[in-house]
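> In our numbering, the protein residues as written are 696 to 909.
Ideal Cβ positions, reconstructed from N, Cα and C, are used throughout, including at glycine.
In this text, all values refer to a predicted model and were calculated from it rather than measured experimentally.
1) Please identify the residue among 827, 880, 754 and 866 whose C-alpha is closest to the C-alpha of residue 849.
2) Less than 8 Å between the beta carbons of residue 770 and residue 796, yes or no?
3) Indicate whether residue 718 and residue 708 have their beta-carbon atoms separated by less than 8 Å.
4) With residue 886 as the anchor, note down where its beta strand (DSSP E) starts and where it stops.
5) Inspect the CB distances between the segment 863 to 881 and the segment 838 to 852 and report whether three or more fall short of 8 Å.
6) Tell me the DSSP bridge mates of residue 723?
7) Output yes or no for whether 8 Å exceeds the beta carbon distance between residue 833 and residue 772.
8) To which residues does DSSP link residue 857 through a beta bridge?
9) So what's residue 763 in DSSP terms, helix, strand or just coil?
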């Protein structure tokens with residue numbers, strides 16, 4: 696099963712196994728926390744060395760979902776780049792790949808806390824986006840909001856997997872970028888943000904919804 700369908704504030708959404716959220720009636724793909732350039736940043740700052748092609752891995756996974764779903768709109772929920780200088784460090788081939796994915800689509804960059812948002816790549820940079828009953832922001836603040844930031848993970852049967860968190864008030868997406876890490880959903884602030892009825896939709900080879908671990 697490629698996705699888990701659910702209704703949120705009157706809109707039908709699909710949490711896909713890849714980690715993107717699909718709003719089919721609006722042909723809108725929502726993706727959280729791409730963190731392009733993380734490996735480069737860590738190498739430049741003397742941290743642990745990660746494989747140097749983390750952006751290409753992320754782009755390849757995003758490309759696969761865009762090719763399959765053909766969205767008219769893409770919303771990137773902030774922290775699309777790992778630091779304010781990451782956009783300037785883009786390799787020419789990676790920039791061209793991203794430009795191809797953006798071509799012919801409305802592309803919305805939500806400003807994050809790691810980066811203010813790309814300024815030279817095209818698309819529109821906003822702090823928040825509202826469409827119909829849903830709003831989109833980097834860090835959860837209001838009811839009826841779809842956000843990212845926390846990189847939620849859930850541990851089920853001893854295995855931690857990135858997950859969507861869904862309750863009546865909010866949807867929090869997993870980080871989509873390679874090597875982004877995550878926060879156990881049993882820990883604050885996630886344990887405080889999500890209601891008692893919250894689901895964790897595990898990503899991976901298939902989407903699987905379970906009660907959010909507490």
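The answer reads as follows:
1) Walking along the chain shown from the start, residue 849 turns up at place 154. Per the Cα distances, 880.
2) What you label residue 770 is simply residue 75 of the chain shown in a count that begins at 1. What you label residue 796 is simply residue 101 of the chain shown in a count that begins at 1. No, they are not a contact pair.
3) Position 23 of the chain shown, counting from 1, holds the residue named residue 718. Position 13 of the chain shown, counting from 1, holds the residue named residue 708. Closer than 8 Å, so yes.
4) Taking the first residue of the chain shown as 1, we reach residue 886 at position 191. In this chain, residue 886 is not harboured by any beta strand (DSSP E); it is covered by the alpha helix (DSSP H) spanning 885 to 888.
5) The segment 863 to 881 makes contact with the segment 838 to 852; the number of CB pairs closer than 8 Å reaches 3 or more.
6) Here the question's residue 723 lines up with position 28 in the chain shown. As DSSP reads the structure, residue 723 sits in a beta bridge with 718 and 768.
7) Along the chain shown, read from residue 1 onward, the residue named residue 833 stands at position 138. Along the chain shown, read from residue 1 onward, the residue named residue 772 stands at position 77. Yes, they are a contact pair.
8) In the chain shown, the residue the question calls residue 857 occupies position 162. Its beta-bridge partners are 848.
9) Indexing the chain shown from 1 puts residue 763 at position 68. The DSSP-derived three-state label of residue 763 is helix.
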